[in-house]
Amino acid sequence: MILRRLLPAPGDELDVAAPGARDRLLEWYAPEGAEGIRCNLVVTIDGRAAGGDGLSDSLSSRTDRMILGVIRESADAVLVGAGTVRAEGYRLPSRAPLAIVSASGRLDGHRLAPREGAPPVVVLTTAAGAERVAASLGVLPHRAVVVAEHSFSISEAVDALRGLGLRSLVAEGGPSVIRSLLEADLLDELCLTTAPRLGGRALPLLGEGDAPLTTWQRTQLLVDAEGLSYARWSRAVPA
Numbered sequence: 003m004i005l006r007r008l009l010p011a012p013g014d015e016l017d018v019a020a021p022g023a024r025d026r027l028l029e030w031y032a033p034e035g036a037e038g039i040r041c042n043l044v045v046t047i048d049g050r051a052a053g054g055d056g057l058s059d060s061l062s063s064r065t066d067r068m069i070l071g072v073i074r075e076s077a078d079a080v081l082v083g084a085g086t087v088r089a090e091g092y093r094l095p096s097r098a099p100l101a102i103v104s105a106s107g108r109l110d111g112h113r114l115a116p117r118e119g120a121p122p123v124v125v126l127t128t129a130a131g132a133e134r135v136a137a138s139l140g141v142l143p144h145r146a147v148v149v150a151e152h153s154f155s156i157s158e159a160v161d162a163l164r165g166l167g168l169r170s171l172v173a174e175g176g177p178s179v180i181r182s183l184l185e186a187d188l189l190d191e192l193c194l195t196t197a198p199r200l201g202g203r204a205l206p207l208l209g210e211g212d213a214p215l216t217t218w219q220r221t222q223l224l225v226d227a228e229g230l231s232y233a234r235w236s237r238a239v240p241a
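Numbering (this note's numbering), first residue to last: 3 to 241.
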């Protein structure tokens, strides 16, 4: 599969199956700073974050999954909501720890399995939730981090991760986590894959209802022969 780079350097091409392709993608997707938060998502043309089967993976491609791995490799932790872990059937990242936001600590129904070399799962939760985390995850290596006694904000969750030395984060959903980061003015970059599809499950990128209106600028755009586009968007600096 050939990726054509339209921005910022028109004319660049990359065969993702060629030796050294991953290293090139690591350069193209290098984060802007050591402490930023970016989200990585795949959506339909009309902004749905899941395909007809209710899962995001049905919108993805081999190239999209390769880019996912590259973005994860540049992060200190992968941030995700508990509902997404249950729905998507997550597999543990090989390098960065999976950081799950769950005030209740209820992770029943997850399909996480131990993976050799993978760091322990970090669960950001409450005091009562910590007990449920242990019951839900069992022998899966994990660490329950009590962010607050009862409830907490996404800002407090991020502060807790950075207190553990996990400073560069990539958020992978669900919509409530991405929306919370946006509302808290914590989201620095959006890595968005757009699949050439319309319709599917009613799962908007930022969830239901009004969301903050913000301006973003596209810093990179890749396209492939299957009709998928891969864009990097950064928060626009006010003039």
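Glycine residues also receive a C-beta, built at the ideal position from the N, C-alpha and C atoms.
Everything numeric in this text was worked out from a predicted model, so none of it was measured.
Compute the Euclidean distance between the alpha carbons of ALA133 and SER153, then round it to the nearest angstrom. As a working note, residue 133 is residue 131 in the sequence shown. As a working note, residue 153 is residue 151 in the sequence shown. Strictly speaking, residue 133 in this sequence is Glu, with Ala absent from that position. The alpha-carbon atoms of GLU133 and SER153 are separated by roughly 15 Å.
What's the C-alpha gap between GLY71 and TYR31? For the purposes of this step, residue 71 is taken as residue 69 along the sequence shown, with counting starting at 1. For the purposes of this step, residue 31 is taken as residue 29 along the sequence shown, with counting starting at 1. If you take the alpha carbons of GLY71 and TYR31, they lie about 11 Å apart.
Measure the C-alpha to C-alpha separation of GLY2 and GLU15 and round it to an integer number of angstroms. The requested residue 2 does not occur in the structure, where the chain is confined to residues 3 to 241.
Beta strand (DSSP E) containing ALA224: first to last residue? As a first step, residue 224 is located in the sequence shown; it is residue number 222 there, counting from the start. It should be pointed out that residue 224 corresponds to Leu in this sequence rather than to Ala. From DSSP, the beta strand (DSSP E) with LEU224 extends over 218-226.
Exposure of SER182, with buried meaning 16 or more beta-carbon neighbours within 10 Å: Position 180 of the sequence shown holds residue 182. Note on SER182: 16 or more other CB atoms within 10 angstroms of its CB, so buried under the neighbour-count rule.
What three-state label does DSSP hand GLU118 in the structure shown? By one-based count along the sequence shown, residue 118 stands at place 116. GLU118: coil per DSSP, three-state reduction.
If contacts are defined as beta-carbon pairs under 8 Å, then ALA105 and GLY131 qualify, I think. What distance do you get, rounded to the angstrom? Numbered from its first residue, the sequence shown carries residue 105 at position 103. Numbered from its first residue, the sequence shown carries residue 131 at position 129. With a Cβ gap of about 6 Å, ALA105 and GLY131 count as contacting.
May I ask you to report which of helix, strand or coil DSSP gives PRO177? Along the sequence shown, one-based indexing puts residue 177 at 175. DSSP places PRO177 in the helix class (H, G or I) of the three-state scheme.
Return the Cβ separation of ASP66 and THR195 in integer angstroms, given the expectation that the two are a contact with Cβ distance under 8 Å. Residue 66 sits at position 64 when you count from the first residue of the sequence shown. Residue 195 sits at position 193 when you count from the first residue of the sequence shown. For ASP66 against THR195, the beta-carbon gap comes to about 5 Å, under 8 Å, which counts as contact.
Coil, strand or helix - GLY83 by DSSP: Translated into positions along the sequence shown, residue 83 becomes position 81. The answer is strand: DSSP assigns GLY83 an E or B state.
Range covered by the alpha helix (DSSP H) that runs through THR65: Residue mapping note: residue 65 aligns to position 63 of the sequence shown, counting from 1. For THR65, the uninterrupted alpha helix (DSSP H) run begins and ends at 64-75, by DSSP.
Determine the extent of the alpha helix (DSSP H) in which LEU27 is found, giving its start and end residues. Working through the sequence shown from its first residue, we reach residue 27 at position 25. Element bounds for LEU27: 23-30.
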